[in-house]
Amino acid sequence: METETGNIKNILLVEDDPRDVELTLTALEEHHLANKVLVVHDGAEALDYLYRRGQFNMRAGGDPIVVLLDLKMPKVNGLEVLKTIKDDEGLKIIPVVVLSSSRETPDLIECYKHGVNAYVVKPVDFAEFMKAVQQLGIFWAAINEPPPQTGSGATSITEGGSP
Amino acid sequence: MFLSGPSAATALPGHRAEPSESRAGLVFLLMFLLLAAGIIAAGWLYCRNYEKQFRAGIERQLSVIADLKAGDLAQYRKERLADGSLFFQNAPFAALVRRFLEQPEDADAQRQLQIWLGKYQPFYGQVRLLDARGVTRLSSPAGLPAVSSAVAKGVSDVLRSGQVTMQDFYRSEQDQRIHLGVLTPIFDEQDARRPLGVVFLRMDPETYLYPFIERWPTASLTAETLLVRREGNEAVFLNELRFQTNSALNLRMPLDRVALPAAQAALGREGFMEGVDYRGVPVVAVLRAIPDSPWSLVARMDAAEAYRPMREQLWQVVLMAGVLLFGAGAFAGLLWRRQRVRFYRERAETEDEARRFATVVKDSNDAVTISDFEGQITAWNRGAELMYGYSEEEALQMNIWRITPEAKRAEKKAFIDRLVAGEAISSFETQRVTKDGRILDVWLTVTKLMDQAGKPIGIASTERDITERKRAVEEVHRLNAELEQRVAERTAQLQAVNEELESFGYSVSHDLRAPLRHVMGFADLLQKEAGSSLSEKSLCHLKTISQAAQRMGELIDDLLAFSRAGRVALQKTGVNLDELVRETMGGFQADTTERHIAWEIHPLPAVWADHALLRQALVNLVSNAVKFTGARAEAKIEIGCAPNTNGETVIFIRDNGAGFDPKYASKLFGVFQRLHSSAEFEGTGIGLANVRRVIRRHGGRTWAEGAVEGGATFYFSIPKQKEDIHGN
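Residue numbers (the numbering used here), protein chains in the order written: chain A, 1 to 163; chain B, 1001 to 1728.
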């Protein structure tokens, strides 16, 4: 049962760079949160997942409890994904946290304008990065009460797409 | 003023005579003529009167003489007849004559008769006793030849008439001299009808009669008296004339010469007359018939002499009239001249002004034209010639419509109608067409011209060619538009550059940071995972890798900040420098707890600036000061406000740190310029460049003073503005 629960992947990480994915998962692993993370590699995949289409049309489970979103991605970028989610009545309740290398003001403004729930700058320093990601994971997975219908026990996220 | 009234006529000098001037001249001429007429009339009347009186005087004078002479002649004749009458009906004498004729040898009778005759002989040249046949029977002096035929004829006449009779002038056949005499018939004392003979007293006119006749009581060169008698159709001159010798009884003139006084006298006329005498010379004469005689007397004088005093007088009058006329003329002329001088002076003055105006108008580069309301052009200046290409001569034959383009005719017509209706129209822009068909843009200024009665007579129009100006204005507009276009293009380019810069910054933020993070992350992971099995040296290498990546991250952050400082829009507000400095200092507190830093903060003013950027600059400067005093046991940092000049607020930050070589002061504020090695002081070399950029964007300056190991002072200035808040 525990393993089952542990296998519920209700954190959606949208990140195109495999090294960032690895570093992020490494950081989360320290608090055993990595197995809750489902990784998609660009915005299009993220939207497919959320809308259950394409390769995710048969996926199980509900909506993620949080979407960790990189901004700079091929195909559909993070800002577009954010806009789509926040413009959709069904999806807008899903918390979205932007994880970005940029602390450029325009990026911040655009994201907050479109209803981002948090904006985290990925520190260059690895120690700081680890700290930030771990705190983030703990906050969203344990401390924060997710909106209803997301990440419930009945919902399961099956692994899809290539790492 | 020139175009506002009829004085516009002066614009065309010589086209019209000066009416007032010739009128004045006419007045003076009339005045003179009137005066002259008066003088001539007066003179003529005076002359007429004088002549009349003078003639009357001449007539009187001649009449007196003529009357006197006529009377004397009558008396003379009477006396002569009286002499003859002594023998008439003298019975004793008749008896003696009868005795002597019957008995010629009767010596007594002869002697007694001789005594009778002898008594008369001294008074008469010859005294004769003729018998009835006219034969001289007795004479005194004795022995005279026979009597002339004229006398013989007279004897028979006198015996027939039985009256004592004058024997008129006759020429003696013996001596060819002229004589006259008295014939007294002697009848028988017993038988009165029986004629016995005739006593004949012969007179020589030369002795008394001719001298008497010729005598003129006054001194005269031409006056004379003459006697005539009629013989048939001729007048016979009886005495010797003053200007013609041998005239007596020889000179005869026909009676039909009416102008001849002698002829008129012979016809029996009496009184005064003017005529032409025997010499053909004009004369004045008085005619008198001598009573009981065939004689007529003419007292005559040459008209030239008679009238000379009158002529002289008349000439004097004429002369005087002439002088008067001349005087009057001179007077009128003088008045006229004075009037003219005044007139011309006045006119010259007004004309001078008008000419100045006219010159200005004539030489104006603006076209100045005058036309009547039908559009006929009446004046055309040089400017118009140049502008429209028509000469003045051509233009004066032209209508104004010729220079009005088709499209503007309706406008022009409407405008003339409005002007005539009394509307005030001053200036407007329109178009004109030149002789060679070019269309000109003109600025038109019009004035309605009035005559002296205030009646509108035409339109004066000044036209300025503004084609060039309009073109220039359009050119300026075009250039402006072009410039704006270029500015817009440049702005767009700049915007594009800005955008590129922004996207560059964006890329730097994202794409350059990520690899660094990976380098550091994986280096850390490597150390964690394999740290225990690595050598000391390998661990050191890993650390160097992390540090290098970290430094690269800092450089990127600083560069991004620097780039942002140049790009973001300034948002100026009143910035309280005291607060800002305290805030900045607070940021360094944590890092400097182990150091001894003596902060000296002077009171600072408020400035008008972008809060965030100014803060960045201050952070840079303060961090520099903190950094370069790191080697000092007792660091000292002073922040204050320099005495300001030129409307600037000057802030300085002074430290007692490492300082710098002043000869490199100019390099201090350059990007990546460092005066110290990284080993001595860490840093990216962007901080001061960023300060300069921020201050420059505020319109201020940055500079520094320092010496190697002598500390440094950095200055920046912010311009004071109206909005500056002081002492807040």
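We put the beta carbon where it would ideally sit given N, CA and C, even for glycine.
All of these numbers come straight from a predicted model, not from anything done at the bench.
Same chain, Cβ closer than 8 Å to residue i, five either side skipped, listed in chain order
| i | result |
| --- | --- |
| Ile138(A) | His31, Leu33 |
| Gly115(A) | Leu82, Lys86, Lys92, Val96 |
| Ile1403(B) | Tyr1388, Tyr1390, Arg1432, Val1433, Thr1434 |
| Gly1700(B) | Glu1648, Phe1716, Ser1717, Ile1718, Pro1719 |
Among the options, the one whose alpha carbon lies nearest that of residue i
| i | options | result |
| --- | --- | --- |
| Gly62(A) | Lys9(A), Val39(A), Ala118(A) | Lys9(A) |
| Trp1599(B) | Leu1096(B), Pro1092(B), Glu1634(B) | Glu1634(B) |
| Leu136(A) | Pro106(A), Ala27(A), Val124(A), Leu47(A) | Ala27(A) |
| Pro1254(B) | Asp1366(B), Phe1088(B), Tyr1278(B) | Tyr1278(B) |
| Lys1470(B) | Arg1486(B), Asp1441(B), Asn1498(B), Arg1060(B) | Asp1441(B) |
| Glu1385(B) | Asp1372(B), Asn1365(B), Leu1324(B), Val1476(B) | Asn1365(B) |
| Asp1524(B) | Ser1535(B), Thr1222(B), Ile1545(B) | Ile1545(B) |
| Leu1516(B) | Phe1415(B), Gln1550(B), Ser1427(B), Asp1175(B) | Gln1550(B) |
| Gln1176(B) | His1676(B), Phe1243(B), His1510(B), Ala1150(B) | Ala1150(B) |
| Ser1623(B) | Arg1632(B), Pro1643(B), Ile1653(B) | Ile1653(B) |
| Gly54(A) | Val40(A), Pro146(A), Pro64(A), Val66(A) | Val40(A) |
| Met73(A) | Val98(A), Ile94(A), Val37(A), Ile65(A) | Val98(A) |
| Thr1592(B) | Ile1601(B), Ala1569(B), Phe1628(B), Gly1566(B) | Phe1628(B) |
| Phe1428(B) | Gly1437(B), Val1446(B), Ala1414(B), Ile1416(B) | Val1446(B) |
| Leu1577(B) | Ala1590(B), Gln1589(B), Ile1601(B) | Ile1601(B) |
| Ser1220(B) | Ala1304(B), Val1650(B), Leu1396(B) | Ala1304(B) |
| Tyr51(A) | Leu25(A), Glu22(A), Gly78(A), Thr84(A) | Thr84(A) |
Local conformation of residue i per DSSP, three classes
| i | result |
| --- | --- |
| Phe1237(B) | strand |
| Ile1065(B) | helix |
| Arg1340(B) | helix |
| Arg1731(B) | Any question about residue 1731(B) goes unanswered here, given that chain B covers just 1001 to 1728. |
| Asp42(A) | coil |
| Gly1084(B) | helix |
| Ala1712(B) | strand |
| Asp1352(B) | helix |
| Met73(A) | coil |
| Tyr1124(B) | coil |
| Ile1039(B) | helix |
| Pro1291(B) | coil |
| Gly1585(B) | Just to set this straight, residue 1585(B) is Met in the shown sequence, not Gly. It is helical. |
| Gln1397(B) | coil |
| Phe1272(B) | strand |
Supposed contact pair residue j and residue i - C-beta distance, whole angstroms, cut 8 Å
| i | j | result |
| --- | --- | --- |
| Leu12(A) | Leu47(A) | 11 Å between Cβ atoms; not a contact. |
| Asp70(A) | Ser100(A) | 7 Å |
| Phe1660(B) | Gly1706(B) | 5 Å |
| Ser1140(B) | Gln1121(B) | 4 Å |
| Thr1359(B) | Ser1461(B) | 19 Å between Cβ atoms; not a contact. |
| Leu1129(B) | Gly1197(B) | 6 Å |
| Gly1458(B) | Ser1371(B) | 6 Å |
Same chain, Cβ closer than 7 Å to residue i, neighbours up to 5 away in sequence not counted
| i | result |
| --- | --- |
| Thr1218(B) | none |
| Tyr977(B) | Given a span of 1001 to 1728 for chain B in the structure shown, any question on residue 977(B) remains unanswerable. |
| Lys1408(B) | Thr1430, Gln1431 |
| Pro123(A) | Phe129, Ala132 |
| Leu1580(B) | Leu1614, Arg1615, Leu1618 |
| Ala1289(B) | Gly1268, Glu1270, Ser1296 |
| Ser1007(B) | Unreliable placement is indicated for Ser1007(B), whose pLDDT of 41 sits below 50; the coordinate value is still reported in the next sentence. Here the set comprises Ala1354. |
| Tyr1124(B) | Leu1201, Arg1202, Met1203 |
| Ile1425(B) | Phe1415, Arg1418, Leu1419, Val1446 |
| Arg1464(B) | Asp1366, Val1442, Trp1443 |
| Leu1494(B) | none |
| Phe1032(B) | Ala1328, Gly1329, Ala1332 |
Same chain only: Cβ atoms within 6 Å of residue i, ignoring 5 sequence neighbours per side
| i | result |
| --- | --- |
| Arg1171(B) | Ile1178, Leu1249 |
| Gly1154(B) | Gln1167, Leu1183 |
Between the region 1565-1575 of chain B and the region 1606-1619 of chain B, do three or more beta carbon pairs fall short of 8 Å? Yes: at least three Cβ pairs fall under 8 Å.
Does the region 1348-1361 of chain B touch the region 1068-1082 of chain B, meaning 3 or more C-beta pairs lie closer than 8 Å? No: the two stretches stay apart, fewer than three of their Cβ pairs being nearer than 8 Å.
So does the region 1683-1695 of chain B actually touch the region 1541-1560 of chain B, counting three or more Cβ pairs closer than 8 Å? At 8 Å Cβ cutoff, the stretches touch.
Tell me whether the region 1217-1237 of chain B and the region 1285-1298 of chain B touch, counting them as touching only if at least three CB pairs, one residue from each stretch, are closer than 8 Å. Contact between the region 1217-1237 of chain B and the region 1285-1298 of chain B is established, with three or more Cβ pairs separated by less than 8 Å.
Between the region 1081-1089 of chain B and the region 1296-1309 of chain B, do three or more beta carbon pairs fall short of 8 Å? Judged by Cβ distances under 8 Å, the region 1081-1089 of chain B makes no contact with the region 1296-1309 of chain B, as fewer than three pairs qualify.
Does the region 1039-1047 of chain B come into contact with the region 1329-1339 of chain B, if we say contact requires no fewer than three beta-carbon pairs (one atom in each stretch) closer than 8 Å? Contact between the region 1039-1047 of chain B and the region 1329-1339 of chain B is absent, because fewer than three Cβ pairs lie under 8 Å.
With contact counted as at least three CB pairs below 8 Å, one residue from each stretch, are the region 1106-1124 of chain B and the region 1150-1161 of chain B in contact? The region 1106-1124 of chain B, when compared against the region 1150-1161 of chain B, does not touch it at the 8 Å Cβ threshold.
Could you say if the region 1160-1169 of chain B and the region 1180-1190 of chain B meet the contact criterion of at least three C-beta pairs nearer than 8 Å? The region 1160-1169 of chain B, when compared against the region 1180-1190 of chain B, does touch it at the 8 Å Cβ threshold.
So, does the region 1317-1330 of chain B touch the region 1029-1038 of chain B, judging by three or more C-beta pairs under 8 Å? Because the criterion of three Cβ pairs below 8 Å is met, the region 1317-1330 of chain B and the region 1029-1038 of chain B touch.
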